[in-house]
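A.B. asks: Provided herewith is a single structure, encoded as structure tokens, for subsequent inquiry.
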Amino acid sequence: MPLRSTKDYSVGIIYFILFILTIPAMNWVVMNVGTVCTADGPCLIPVWPGIMAPSGVLMAGVALVLRDGLQAKLGVRWSLYAIIIGAALSALFSEPSLVLASVMAFFFSELADLVVYTPMRKKWPAWAIMASGLVGSMVDSAIFLSLAFGSIEFIFGQVLGKFWMSLAVALLIGYLHSRRAKAVQDEILSR
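Numbering (this note's numbering), first residue to last: 24 to 214.
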């Protein structure tokens, strides 16, 4: 499929680079940033009153959304390249205890996100982001928590935190799509 414009390509390259960088950033955040940091486990943040999640949840939500944006601008092939590069980059920069967990979680959650997002993206872009983000976050959370920390104790908080991130971006994209559609409609009516 040909690129729509140079602007799409430029924005797509930005998505590509940012998406790749989210995984090493996520691994650093989960071990160094939070309101509570456990001795042999993740740093935690509150995602709801009384519900904590590993702090990497914020970056994971960003990664899922960036992947959707990358696919929208440059296509599935670029998304797959970024998943592979991001997984390899994560292996180079992560603490040894996080390498397998983050690579496996990243790879399989992003593929799950891709599979859900692709058939929905043209007809329901905002819903595609929500649904794919939810599926991707469940896959990511289950794999990462069980492999990195030997427990899925924080899975509800992890999925909830990613949900908040996906919801915020889906609402923004839904709003932007409706504004664009209204602008096109207004332009057609003014002719």
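Glycine included, every Cβ here is placed at the ideal spot set by N, Cα and C.
The model shown is predicted, which means the values in this text are computed figures rather than measured ones.
(1) To the nearest angstrom, how far is the alpha carbon of LYS205 from that of ALA86?
(2) For PRO47, which residues in the same chain have their Cβ closer than 6 Å to its Cβ, ignoring the five residues on either side in sequence?
(3) Tell me whether VAL59 is buried or exposed, calling it buried when 16 or more other Cβ atoms sit within 10 Å of its Cβ.
(4) What's the C-alpha gap between ALA135 and SER155?
(5) Answer yes if the region 123 to 137 comes into contact with the region 147 to 162, meaning at least three C-beta pairs across the two stretches below 8 Å, and no otherwise.
(6) Which residues in the same chain have their Cβ closer than 6 Å to the Cβ of SER78, if we skip the five residues on either side of it in sequence?
(7) For the alpha helix (DSSP H) that contains PRO148, what are its first and last residues?
(8) Leaving out five residues before and five after HIS200 in sequence, what residues of the same chain have Cβ atoms less than 8 Å from its Cβ?
(9) Where does ILE178 fall in DSSP's three states?
(10) Can you tell me whether GLY184 is buried or exposed? The criterion is at least 16 other CB atoms within 10 Å of its CB, across all chains shown.
(11) Which word fits ILE43, buried or exposed, when buried means at least 16 other C-beta atoms lie within 10 angstroms of its C-beta?
(12) Are the beta-carbon atoms belonging to GLY35 and LEU89 less than 7 Å from one another?
(13) What number of angstroms, rounded off, separates the C-alpha of ILE166 from the C-alpha of PHE39?
(14) With a CB to CB cut of under 8 Å and the five nearest residues on each side skipped, what residues in its chain are close to LEU170?
(15) Is it buried or exposed, VAL70, if we count other Cβ atoms within 10 angstroms and call 16 or more buried?
(16) Please list, in chain order, all residues of the same chain as LEU41 whose beta carbon is under 7 Å from its beta carbon, the five residues on each side excluded.
C.D. replies: So, from the data block:
(1) 29 Å
(2) LEU112, SER113 and PHE116
(3) exposed
(4) 7 Å
(5) yes
(6) VAL52, VAL53, VAL56, GLY57, CYS66 and ILE68
(7) 148 to 172
(8) PRO148 and ALA149
(9) helix
(10) buried
(11) buried
(12) no
(13) 24 Å
(14) LEU123, ALA124, MET127 and ALA128
(15) buried
(16) LEU89
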